[in-house]
Amino acid sequence: MTCFVIGSGIHGAAIAYHLAVDHGLRVVVVDSGRPLAATPQSVAVVHGFYPEHDRSRLATLGLRQIDEMNRLLDTDIGLRKVGVIHLLDDQHLTIARDRARTETRLRLLTRDDIDRLLGCDQTDIAGALLERDAGYVDPVALTSAYLSAAQVNGVERRHEDVLSLLRADGRIVGARTTAGELYADTVVLAAGADSGPLLATADIQLPTNIRRVQVLRLRAERPPSDPHPVVLDTV
Ligand SMILES: Cc1cc2nc3c(=O)[nH]c(=O)nc-3n(C[C@H](O)[C@H](O)[C@H](O)COP(=O)(O)OP(=O)(O)OC[C@H]3O[C@@H](n4cnc5c(N)ncnc54)[C@H](O)[C@@H]3O)c2cc1C
């Protein structure tokens with residue numbers, strides 16, 4: 012069985028690897044190297060706490076998986092467990108308090124902890140939660156490691172632009188690329204923000220709305236500690 016994976020950002024790279032290694036499938040992965048792909052720009056923070064229970068469960072599984080990656084891919088994926096601090100409002104503090112009772116990896120911080128760790132007065136928050144074993148990875152190192160390991164396991168990589176999807180009998184059966192037509196038993200679309208426009212070429216409307224956002228990068232003159240934890244402020 013042949014699988015055709017469109018896009019080799021973190022999703023396409025991981026999917027290509029697991030289809031080949033875990034399922035023994037023949038995989039071809041195609042990427043054109045779009046300059047605005049998300050993966051190389053990601054901060055790649057990995058953490059397990061979300062207010063929604065199902066999302067938390069999935070993210071915590073992901074966090075454990077990330078822990079295994081250095082060994083699995085036999086390389087340094089830049090995992091730094093610096094800890095992640097979530098700044099919380101009243102509603103999310105109640106949820107965090109409940110979770111911290113049952114999950115030992117989570118700890119509610121006191122006001123003193125917050126002031127010491129953040130090095131400034133936080134008056135507009137109800138509390139904060141520390142995930143000790145969370146942190147960030149190097150997104151490029153992780154993606155490259157997946158792709159290298161995928162290639163070692165027989166995955167074919169191509170540098171081509173996918174122009175449209177090919178549809179027959181109500182199924183996606185392949186794609187037209189700058190190098191010609193490619194047919195496969197399964198087509199995996201992992202083209203990030205370009206997935207919607209590609210699906211539209213097969214008359215499938217993806218109900219997503221892509222918009223540009225602004226990202227501001229600041230460099231602290233004196234970080235409160237080194238290495239310092241990731242701080243997620245959703246208040
Ligand atoms: C500034 C920023 C910070 C972020 N921080 C975090 C974070 O801290 N933690 C976190 O979990 N997530 C974070 N994210 C989100 C995360 O980076 C993305 O969810 C993830 O990288 C998406 O990966 P992807 O493989 O789906 O898409 P992409 O990385 O966008 O990959 C899609 C690939 O498809 C290729 N492609 C597209 N169209 C075509 C085509 N027609 N033909 C051939 N190839 C094509 C592109 O070249 C690209 O390589 C952040 C994102 C940004 C932008």
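Just so you know, our numbering puts 245 at position 234 of the sequence shown, and the rest follows in order with no gaps.
For every residue, glycine included, the Cβ atom is placed at its ideal position computed from N, Cα and C.
Bounding residues of the beta strand (DSSP E) (the contiguous stretch that carries residue i)
i, result
"residue 17", "13 to 17"
"residue 37", "37 to 42"
"residue 242", "241 to 244"
"residue 11", "Because the chain spans 12 through 246 in this model, residue 11 falls outside it and cannot be assessed."
Element boundaries [alpha helix (DSSP H), containing residue i]
i, result
"residue 124", "122 to 129"
"residue 8", "Residue 8 falls outside the range modelled here, since the chain spans only 12 to 246, and no answer is possible."
"residue 73", "64 to 84"
"residue 106", "101 to 113"
"residue 27", "21 to 34"
Alpha carbon of residue i to alpha carbon of residue j, nearest angstrom
i, j, result
"residue 179", "residue 189", "20 Å"
"residue 19", "residue 161", "11 Å"
"residue 42", "residue 28", "15 Å"
"residue 212", "residue 65", "33 Å"
"residue 228", "residue 236", "18 Å"
"residue 13", "residue 23", "15 Å"
"residue 68", "residue 169", "35 Å"
"residue 118", "residue 220", "36 Å"
"residue 123", "residue 76", "33 Å"
Segments assigned alpha helix (DSSP H), at least 4 residues, entirely inside the segment 162 to 238: 206 to 211
May I ask you to verify whether the segment 124 to 143 touches the segment 95 to 105, counting CB pairs closer than 8 Å and requiring at least 3? With contact defined as three or more Cβ pairs closer than 8 Å, the segment 124 to 143 and the segment 95 to 105 are in contact.
Across the segment 151 to 159 and the segment 125 to 135, are there enough close Cβ pairs to call them in contact, namely three or more that are closer than 8 Å? Cβ pair count under 8 Å is below three, so no.
Closer than 8 Å is the cut-off here; do at least three beta carbon pairs connect the segment 50 to 61 with the segment 103 to 119? yes
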